Amino acid sequence: PDIGDVNKIFEYGDDRYFICELSRDVKKLKIIRNVRNLQYGYRGRKIILKTLQLKLGDLIARLKPIFSLKV
1 PDIGDVNKIF EYGDDRYFIC ELSRDVKKLK IIRNVRNLQY GYRGRKIILK
51 TLQLKLGDLI ARLKPIFSLK V
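The sequence shown begins at 1 in full-length UniProt numbering and counts up one residue at a time.
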């Protein structure tokens, strides 16, 4: 994923635009309207452990994806 953080969100009519910084080059911005087609990364073990520590969830399964299919 190349997006580091969302700086601002603009709404114009029925559309919403996300102004994002890039993770590798903070000086450049990316404007996104449809987030459905964005590339994403899976959360790592650190996030899972923090969630368990704060009692915000329970570990119920351990998944090992072989591949993912985008339709």
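From the three backbone atoms N, C-alpha and C, an ideal C-beta is built for every residue, glycine too. In this text, all values refer to a predicted model and were calculated from it rather than measured experimentally.
Item                                                                                                      : Value
Sort out for me which residues DSSP pairs VAL6 with in a bridge.                                          : CYS20
With distances taken between CB atoms, is the gap from ARG33 to ARG45 smaller than 9 Å?                   : no
Is LEU59 helix, strand or coil when you go by DSSP?                                                       : coil
Please report the straight-line C-alpha distance between GLY57 and ILE19, rounded to a whole angstrom.    : 31 Å
Taking LEU49 as part of the alpha helix (DSSP H), name the residues at either end of that continuous run. : 45-53
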